[in-house]
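Below: one structure, written as structure tokens.
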Amino acid sequence: ELRSEHAKGRVGAGINVRKGTISDMYADHVIQPVLVNSSALKLATECVGMILKIDDVVAVK
1237 ELRSEHAKGR VGAGINVRKG TISDMYADHV IQPVLVNSSA LKLATECVGM ILKIDDVVAV
1297 K
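Sequential numbering of the sequence shown, starting at 1237, is according to this note's numbering.
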């Protein structure tokens, strides 16, 4: 249903979890800045890089 709304050109359509329906997120004042998403992706990428750089396992006695 959400995909069909987006296909109709309603790019602000999203899932309203309180009502359980598809509604206009801009009208409901639910707007997430791009900076939040890009920062989360950057942080996740950095964390994965740090995990992959670990080349020793510390044995616990």
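We put the beta carbon where it would ideally sit given N, CA and C, even for glycine.
Using a 10 Å radius around the Cβ and a threshold of 16 neighbouring Cβ atoms, would you call residue i buried or exposed?
i, result
"A1249", "buried"
Note the first and the last residue of the continuous beta strand (DSSP E) segment covering residue i.
i, result
"G1245", "G1245 -> no beta strand (DSSP E), and no H or E assigned at all."
"I1258", "1257-1260"
Starting from residue i, follow the alpha helix (DSSP H) in both directions and report where the run begins and ends.
i, result
"I1287", "1270-1289"
Among the residues of its own chain, which have a CB less than 8 Å from the CB of residue i, if the five just before and after it don't count?
i, result
"H1242", "A1249"
Quick one: what's got a C-beta closer than 6 Å to residue i's C-beta in the same chain, skipping five residues either side?
i, result
"N1252", "S1259"
For the candidate residues the options, whose alpha-carbon lies nearest to that of residue i?
i, options, result
"R1254", "M1286, V1266, V1270, K1289", "V1266"
"A1263", "R1246, V1296, L1238", "R1246"
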